[in-house]
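Structure, as structure tokens:
Residue numbers (our numbering): 3 to 492.
Structure follows, in structure tokens:
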């Protein structure tokens, strides 16, 4: 049988980076094995499931490049792919277990169950169902139903035994079944529980491998017991490690952004997110760090996923994002920057393709995220200029800055050319004429034109600003220096 894997999110929130990594591992395993990647939506929680969450999950997967072979919008031979559309299937399989004596109706109310759990806790016992409805006869069940009680359906655990499996990531894992209780498989409202629906769906969809987070390990013995009761062969399991924050606790909102959509908004690109996420548990040779999605399809192996928790290192993600930005072909890098800036109110469509490419070349080497384009490109994206206080204060303490900036403006204005070559010629020529270091003049001009000490190359800055804005800013800075500097001429 060919490999068939699934990613099965619940549409109750955003696509978490942990879920995205699980989807990525499933995708890479399927593609590498020539198999099928299925997207299944676990939407039985009608109160919390939303169309907005579903849309965010689908958009997040597509943005990462993780296209599914079967599922929403694609179809397939093993649907429906929404659990809310599979209720009759769950009911039929639950009835089959009941008829075989492997399940029984439970009439205990939520209040009664909570009261018993509290009593167990007071005695120092683990909370578990006491099985009191397991032996009810027909007359007892009829009396309870006459009281208006709605029955849930519980799985009747077989006798004490070891439940074990060979996990692809963690090796042999074993549980003693007596540590479990008779768990609910069908709620009183007819909806299936997670473990039951998961087993039915995985069987009917011919899932060969279940790749999921290790927080699901405790669910696995229950699912294996259900497979056994049905007489079905279970999938192979691979439980991948948890993702932790820098402080060693489980990754959560207090560590910052945790959704794929949030990182997209922060200017991260999908190539970097895929690369970063795959390394949260997997390694190729311990040395190579940069991979494309195509590289990963060829190289990913589940056997190289470790079992130790992975640390979400934001600095590493930023570095990796910068690397992938620079690996993009220039036209694609220009397009990404342009689209990102447009979404933030900076429409560059009226500018020439040459100008847009020049802007990205000027700031590209400094970008870690697309958001940085607003900062490093702010000098040309906005008409108003904000001077960095520290950089300006430094200029105020230097002598002759104002007159030199004014002289530079006049020299550029007198030159009919405004090319990169002429701008460099006039700037360096003025430095020679004034018998000063060109670097001193250029650093002052850079602050005057961009408001920052660290900025793209001076002549690229001038060309991008254009003649009028370059001259205006040089003259404005010269006048301000004359009015504020203690070294100004009286």
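All C-beta atoms, glycine included, are put in the ideal place defined by N, C-alpha and C.
Euclidean distance between Cα positions of residue i and residue j
{"i": "residue 469", "j": "residue 451", "result": "12 Å"}
{"i": "residue 267", "j": "residue 259", "result": "10 Å"}
{"i": "residue 19", "j": "residue 110", "result": "38 Å"}
{"i": "residue 233", "j": "residue 331", "result": "54 Å"}
{"i": "residue 70", "j": "residue 118", "result": "45 Å"}
{"i": "residue 347", "j": "residue 194", "result": "47 Å"}
{"i": "residue 315", "j": "residue 247", "result": "8 Å"}
{"i": "residue 478", "j": "residue 377", "result": "21 Å"}
{"i": "residue 244", "j": "residue 3", "result": "30 Å"}
{"i": "residue 422", "j": "residue 397", "result": "25 Å"}
{"i": "residue 486", "j": "residue 442", "result": "19 Å"}
{"i": "residue 210", "j": "residue 201", "result": "12 Å"}
{"i": "residue 30", "j": "residue 76", "result": "19 Å"}
{"i": "residue 355", "j": "residue 62", "result": "30 Å"}
{"i": "residue 55", "j": "residue 47", "result": "13 Å"}
{"i": "residue 419", "j": "residue 463", "result": "16 Å"}
{"i": "residue 86", "j": "residue 292", "result": "40 Å"}
{"i": "residue 53", "j": "residue 289", "result": "42 Å"}
{"i": "residue 310", "j": "residue 471", "result": "56 Å"}
{"i": "residue 255", "j": "residue 156", "result": "36 Å"}
{"i": "residue 146", "j": "residue 114", "result": "14 Å"}
{"i": "residue 108", "j": "residue 88", "result": "23 Å"}
{"i": "residue 352", "j": "residue 249", "result": "47 Å"}
{"i": "residue 313", "j": "residue 370", "result": "20 Å"}
{"i": "residue 436", "j": "residue 65", "result": "55 Å"}
{"i": "residue 99", "j": "residue 372", "result": "55 Å"}
{"i": "residue 169", "j": "residue 197", "result": "18 Å"}
{"i": "residue 32", "j": "residue 38", "result": "6 Å"}
{"i": "residue 120", "j": "residue 235", "result": "38 Å"}
Beta-carbon gap between residue i and residue j smaller than 8 Å
{"i": "residue 178", "j": "residue 162", "result": "yes"}
{"i": "residue 404", "j": "residue 480", "result": "yes"}
{"i": "residue 252", "j": "residue 284", "result": "no"}
{"i": "residue 16", "j": "residue 28", "result": "no"}
{"i": "residue 448", "j": "residue 432", "result": "no"}
{"i": "residue 350", "j": "residue 358", "result": "yes"}
{"i": "residue 159", "j": "residue 184", "result": "yes"}
{"i": "residue 167", "j": "residue 226", "result": "yes"}
{"i": "residue 36", "j": "residue 295", "result": "no"}
{"i": "residue 2", "j": "residue 364", "result": "The displayed coordinates of the chain run from 3 to 492. Any statement about residue 2 would go beyond what the structure contains."}
{"i": "residue 72", "j": "residue 83", "result": "yes"}
{"i": "residue 60", "j": "residue 279", "result": "no"}
{"i": "residue 164", "j": "residue 80", "result": "no"}
{"i": "residue 96", "j": "residue 105", "result": "yes"}
{"i": "residue 24", "j": "residue 50", "result": "no"}
{"i": "residue 203", "j": "residue 237", "result": "no"}
{"i": "residue 440", "j": "residue 427", "result": "no"}
{"i": "residue 335", "j": "residue 366", "result": "yes"}
{"i": "residue 182", "j": "residue 223", "result": "yes"}
{"i": "residue 208", "j": "residue 6", "result": "yes"}
{"i": "residue 239", "j": "residue 212", "result": "yes"}
Expected contact under 8 Å - CB spacing of residue i and residue j to nearest Å
{"i": "residue 171", "j": "residue 241", "result": "6 Å"}
{"i": "residue 362", "j": "residue 382", "result": "Going by Cβ atoms, the distance from residue 362 to residue 382 rounds to 12 Å, so no, they are not a contact pair."}
{"i": "residue 302", "j": "residue 103", "result": "That pair is no contact at about 44 Å."}
{"i": "residue 494", "j": "residue 360", "result": "Lying outside 3 to 492, the shown extent of the chain, residue 494 is not represented and no answer is given."}
{"i": "residue 406", "j": "residue 446", "result": "7 Å"}
{"i": "residue 22", "j": "residue 262", "result": "5 Å"}
{"i": "residue 454", "j": "residue 393", "result": "6 Å"}
{"i": "residue 43", "j": "residue 11", "result": "7 Å"}
{"i": "residue 473", "j": "residue 411", "result": "5 Å"}
Counting Cβ pairs closer than 8 Å, one from the region 252–272 and one from the region 326–342, do we hit at least three? yes
Worksheet item: Does the region 131–138 come within contact of the region 189–205, defined as at least 3 CB pairs closer than 8 Å?
Response: no
>> As an exercise, report each continuous alpha helix (DSSP H) stretch of at least 4 residues that is fully enclosed by the region 410–449, in chain order.
In response: 422–436
Unbroken alpha helix (DSSP H) runs of length 4 or more, entirely within the region 44–73: which are they?
53–66
Length at least 4, wholly inside the region 359–389: the alpha helix (DSSP H) runs in chain order:
374–378 and 380–383
Which runs of the beta strand (DSSP E), 3 residues or longer, sit entirely within the region 196–268?
211–215 and 238–242
- Task: Only counting runs of 4 or more residues, tell me where the alpha helix (DSSP H) segments fall wholly within the region 266–342, in order along the chain.
- Result: 272–280, 295–301 and 316–329
At 4 residues or longer, and completely inside the region 107–175: list those alpha helix (DSSP H) runs for me, N to C.
-> 112–124 and 140–148
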